[in-house]
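Worksheet: one structure, shown below.
Protein chains: 2
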Amino acid sequence: MTTSNSTKTKYDPNFTQHCIDIIGPKATPRTREVMSALIRHIHDFAREVELTVDEWMMGVDFLNETGHIHFQDPKRNEMHRLSDVIGLESLVDEIAHKHALETDEIPTSSSILGPFWSPNAPWRELGGSIIQDPHNGHVTLMHGRVIDLITKEGIPNAVVDIWQASSNGKYDFQDPENQTDNNLRGKFRTDDKGYYHFYCLKPTSYSLPTDGTAGVLLKALDRHPMRPAHIHLMISADNYKPCTTQIFPRDDPWLETDTVMAVKDDLVVDFKPLEGDKQATLDLEYNVLLAPKGNPSARL
Amino acid sequence: MTTSNSTKTKYDPNFTQHCIDIIGPKATPRTREVMSALIRHIHDFAREVELTVDEWMMGVDFLNETGHIHFQDPKRNEMHRLSDVIGLESLVDEIAHKHALETDEIPTSSSILGPFWSPNAPWRELGGSIIQDPHNGHVTLMHGRVIDLITKEGIPNAVVDIWQASSNGKYDFQDPENQTDNNLRGKFRTDDKGYYHFYCLKPTSYSLPTDGTAGVLLKALDRHPMRPAHIHLMISADNYKPCTTQIFPRDDPWLETDTVMAVKDDLVVDFKPLEGDKQATLDLEYNVLLAPKGNPSARL
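So the sequences go chain by chain: A and B.
In this text, residue positions in the first sequence follow UniProt numbering: the first is 1, and each later residue adds one.
In this text, residue positions in the second sequence follow UniProt numbering: the first is 1, and each later residue adds one.
The following block contains the structure:
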């Protein structure tokens, strides 16, 4: 905290506690916990920077405008994007994953899939390709093994669900002129030893849309709107905790400054030259560890 | 802070600083200061309560819906109301007033006037009434003196701008069926000794609208939506810092739990019985101290 004592004591020391104390007895314990902390942090923020009336009003207008974008175009969730740009989705994701490892709960991951996951991705055969349409990218043979975190054995019949943008930086949803439905999407099942392999593209970096309020904020912060290239993956198997993740090519220039701060060291992967494959010029090995459901320590 | 060390160290200790460090060199110093503090407090909040993905998504949806209300009905600013309900406007107001007293700046007060101030309130004669239309309230003779904070002398020609809701809890804007334009509004000038007097109503408490997201939040917090009865005042004079305030009758049942937390001890006033006045049954004395512009300490 950089709050000086003088700033802290200058203002009514009972005000924030009063705002928390008037929460009534029928509020659920979790509502009380979350809203008490939110009120405390927002008040501490306002006192720390001595937020002016104009700045507060600017914030109100900014959030109104952000909400408006969603209702002009329901496919576009600018409030979600705004929370990404300040790192909140990435942080909530970290919290959920830590929590999943420590406890026996499965984090609800439907919303951290991002806006481009599809429940309708087709099942494809091992060794098949998710590339349906023309592109300017580099075809990659992606392969690996889905492994039990505890026994280190392969998990047969695990599902590897993959989706990615094309070489123009757009997903099929966003690009009906160039892409057919389910281009660059597919679900694969691992073989009896837990192995999978298929063809995809080396991914391409792209810019967030900058014509909304998130773009206004990025400009005010003198930040770029670029996401590093990435492949989305959702890996699941019966009796295991599912894993939703993104992987990033090590040579991407935006890794350090990903505008939604989603890059973690262990998610950076190497695309290597591949020889002797008529379909692909690059090779990507990616192995996934899945934690079994149930108390992991009980199995150790 | 209730953040335990274990919660603090469990998560990537560099993540929040990284989100701050990527702010670029062209961001203004104030943008950097405000947004750095906002990111730090929002992240601390999320870690402290271990915010879940579902709760984060619920927050995104809630703010989208709040923004939507404003665009369905531009006269209704639900985001403003939401910030009131968590005490933010009242806190920003406290900060602005402390700042105005300590420095030579005049806080921009147009936005803390609330949504019901009107720039078109009519000038009225001293001793006149702001009551134009029928009501069920108690007519009050309000009077007092506008005084120089330093010299304690009356300030001639000061402007007392008053507005209030009628006995049904509605302002003229909201109630065209029962109230004519500028009912319960008026501007008065103090006499050559700084005194003013006019007739108004003892104010009536009212509920915030509860059919929007602010109502959803109030319900979740098990809080009532009531504002204590109040009279709005904006007092100004040449060469003095203006004062925008609200005053509250001491016998109001909602003083302690005002749903927008705007009550301060020195704003609670006594309406006393009045005899011998054909127009009014209550008497309210209210004196206002105005600070001169310029460095006050230089004048002491």
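Every residue gets a Cβ at the ideal spot worked out from N, C-alpha and C, and that includes glycine.
For clarity, every value in this text was computed on a predicted model and none was experimentally measured.
Looking at D148(B), I95(B), L82(B), the one whose alpha-carbon comes closest to that of D44(A) is I95(B). Taking a C-beta distance under 8 Å as the contact criterion, D172(B) and Q179(B) qualify as a contact pair. Close to R47(B), with beta-carbon spacing below 8 Å, are these residues of chain A in chain order: L91, I95. In the DSSP annotation of this structure, the continuous segment of the beta strand (DSSP E) that includes W163(A) starts and ends at 159-163. Going by DSSP, V146(A) is part of no alpha helix (DSSP H) but of the beta strand (DSSP E) stretching over 139-148.
Sorting H138(B), D222(B), T210(B) by C-alpha distance to the C-alpha of I69(B) places T210(B) at the top.
For P25(A), the closest Cβ of chain B is nearer than 8 Å. DSSP, reduced to helix, strand and coil, places F271(A) outside both helices and strands of the structure shown, so it counts as coil. Neighbours of D222(A) in chain B, taken as residues whose beta carbon is under 7 Å from its own, are I23, G24, P25, K26, A27 in chain order. Contact annotation: E65(A) and A214(A) have beta-carbon atoms that are not nearer than 8 Å.
In this model, E125(A) and P176(A) are separated by some 25 Å (Cα to Cα). Each of D283(A), D161(A), G67(A), K170(A) was checked against the Cα of N120(A), and the nearest Cα belongs to D161(A). Q246(A) sits buried, since 16 or more C-beta atoms from the chains shown fall within 10 Å of its C-beta. Taking L267(A) as the centre and dropping the five residues before and after it, the same chain places the C-beta of T245, Q246, I247, F248 closer than 7 Å to its C-beta, in chain order. Contact note: K10(A) reaches chain B through K98, using a C-beta cutoff of 7 Å and chain order.
Looking at Y240(B), L284(B), Q279(B), the one whose alpha-carbon comes closest to that of I150(B) is Y240(B). Taking 8 Å as the cut-off, the beta carbon of L141(A) is found no closer than this to the beta carbon of F15(B).
Under the criterion of beta carbons closer than 8 Å, G194(A) and V146(A) qualify as touching, at roughly 5 Å. In this structure, the beta-carbon distance from H135(A) to S167(A) falls below 8 Å.
By the CB criterion at 8 Å, H230(A) and P253(A) fall outside the cutoff. The alpha carbon of G212(B) has as its nearest neighbour, out of N182(B), A291(B), H41(B), D73(B), the alpha carbon of D73(B). By the neighbour-count criterion, in which 16 or more other beta carbons inside 10 Å mark a residue as buried, N183(B) falls on the buried side. Residues of the region 156-168 of chain B whose Cβ lies closer than 7 Å to any Cβ of chain A: none. Within the region 67-81 of chain A, G67, H68, I69, H70, F71, Q72, N77, E78, M79, H80 place their CB atoms closer than 9 Å to a CB of chain B, listed in sequence order. Nearest in C-alpha terms to M234(B), of all of G294(B), M35(B), L290(B), is L290(B).
For D44(B), the neighbours in chain A by C-beta distance under 8 Å run, in chain order, H41. A direct Cα-to-Cα measurement between R47(B) and Y11(B) gives close to 8 Å. Shown here, K293(B) sits in coil according to DSSP, grouped into three states, outside any helix or strand. Among the residues facing chain B, H18(A) is included, as its CB has a counterpart in that chain under 8 Å away. DSSP, read as helix, strand or coil, puts P209(A) in coil.
Taking each of T190(A), L218(A), V85(A) in turn and checking the Cα distance to D238(A), the smallest one comes out for T190(A). Interface residue (Cβ-Cβ distance to chain B less than 8 Å): N182(A) is not classified as such.
I155(A) and E275(A) have their alpha carbons spaced roughly 29 Å apart. Taking the beta carbon of A37(B) as reference, the chain A residues within 7 Å of it are F45, E48, V49, listed in sequence order. In this structure, the straight-line span from the alpha carbon of G169(B) to that of F188(B) is close to 23 Å. In this chain, the alpha helix (DSSP H) harbouring M58(B) covers 53-72.
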